[in-house]
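This report concerns only the one structure given below.
The following block contains the structure:
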């Protein structure tokens, strides 16, 4: 027989089981009625909200060049592009400087983006054609080339008309109906960009003690025209153009750097600032103002002078800092 204590435990278990069964049936009944109310009620369908997204639209496609003009946020008008600003150091802060003259040969492969395209295409044109058109439009000024010095003033300024007549470049004449001024116009096919194979470049290397920066700045550029004459091929430096005068327009002109990836584009200003071109030194500032060919009798001696200038610039920069 069960004692009194075991009997009470058994009764408690039965009571607990009955309570759980009762609670479960009430919950099931509540869910059942809720489901009935849901199915008996009217069905409500959510109205989708109108999307605020606007797909980008594209302008016409030029099927000859494959160029697509778009209004994507990453592409803005070229007129809004500006050159990178550089700090102009005070003359008193220039602790050391060296003026260097370079020759850019457009026949070198690295310089092809400056020579091609020979005919304007896809918004691109050769470096000389671009400079020539800027001068034709009166946006920049050219200054006389002189072996002894470079002076940029009104007295040495050359006119566009004189350049056309001196080098026998074909042109047409128009008269402005408003100002009655004579306008000289050269057709794209008559621009002698194929005959400009080289450029002179003047730059200055300096150390700014205020900012502790050793850097280089391009000062001017000069196109060299090659023409066949009775005595052979003659080279004519046309004119100097201050580089700061060109930079606002260079920043708006693209150059194609790679044939494999047409997305690799830089502006002309970026190309010169990043020094993405090939060149060699032919002169530095000196007392007698001579270039290497005037006192070097052989090409080997000229090469040694070039290497000496490179070593001087490198050693000066290395000696500035301690490691």
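In this note's numbering, the protein residues as written are 2 to 324.
Glycine included, every Cβ here is placed at the ideal spot set by N, Cα and C.
Margin query: Quick check: residue 244 and residue 224, are their CB atoms within less than 8 Å of each other?
Written below: Position 243 of the chain shown, counting from 1, holds the residue named residue 244. Position 223 of the chain shown, counting from 1, holds the residue named residue 224. Their beta carbons are not under 8 Å apart, which means residue 244 does not touch residue 224 by this criterion.
Margin query: For residue 284, which residues in the same chain have their Cβ closer than 6 Å to its Cβ, ignoring the five residues on either side in sequence?
Written below: Against the chain shown, residue 284 aligns to sequence position 283. Result list for residue 284: 102 and 292, in chain order.
Next item on the list: Could you tell me if residue 143 is buried or exposed, where buried requires 16 or more neighbouring beta carbons within 10 angstroms of its beta carbon?
Entry: Residue 143 sits at position 142 when you count from the first residue of the chain shown. Residue 143 should be labelled buried.
Margin query: Under DSSP, the alpha helix (DSSP H) around residue 303 begins and ends at which residues?
Written below: For this step, residue 303 is matched to residue 302 along the chain shown. Taken as a continuous stretch (DSSP letters only), the alpha helix (DSSP H) holding residue 303 covers 300–321.
Checklist line | Own chain residues within Cβ distance below 7 Å of residue 79, not counting five before or after | finding: Taking the first residue of the chain shown as 1, we reach residue 79 at position 78. If we look at residue 79 and ignore the five residues flanking it on each side, its Cβ neighbours are 253.
Margin query: For residue 193, tell me which candidate among 136, 213, 181 and 226 has the shortest Cα-Cα distance.
Written below: Locating residue 193 in the chain shown gives position 192, counting from the first residue. Checked all of 136, 213, 181 and 226; the closest Cα to residue 193 is 226.
Next item on the list: Let me know the secondary structure DSSP gives residue 190 once reduced to three states.
Entry: As a first step, residue 190 must be located in the chain shown, where it is residue number 189. It is helical.
Next item on the list: Give every residue of the same chain whose Cβ lies closer than 8 Å to the Cβ of residue 266, excluding the five residues on either side of it in the sequence, and list them in chain order.
Entry: Taking the chain shown and counting its residues from 1, the one referred to as residue 266 is at position 265. The residues are 255, 256, 257 and 258.
Item checked: For residue 238, the three-state DSSP class (helix, strand or coil) -> If you number the chain shown from 1, residue 238 lands on position 237. Strand at residue 238.
Notebook entry, point to check: Do you know how far the Cα of residue 308 is from the Cα of residue 217?
Noted result: Locating residue 217 in the chain shown gives position 216, where the first residue counts as 1. Locating residue 308 in the chain shown gives position 307, where the first residue counts as 1. Each residue's alpha carbon lies about 18 Å from the other.
Notebook entry, point to check: Can you tell me the Cα-Cα spacing of residue 262 and residue 321, whole angstroms?
Noted result: Here residue 262 refers to the residue found at position 261 of the chain shown. Here residue 321 refers to the residue found at position 320 of the chain shown. Cα to Cα, the separation comes out at about 40 Å.
Margin query: Can you look up residue 266 in the DSSP assignment and give me helix, strand or coil?
Written below: Numbered from its first residue, the chain shown carries residue 266 at position 265. In the structure shown, residue 266 sits in a strand (DSSP, three-state: E or B).
Next item on the list: With DSSP collapsed to three states, give me the class of residue 232.
Entry: Position 231 of the chain shown, counted from the start, is the residue given in the question as residue 232. Three-state DSSP puts residue 232 in coil, outside helix and strand.
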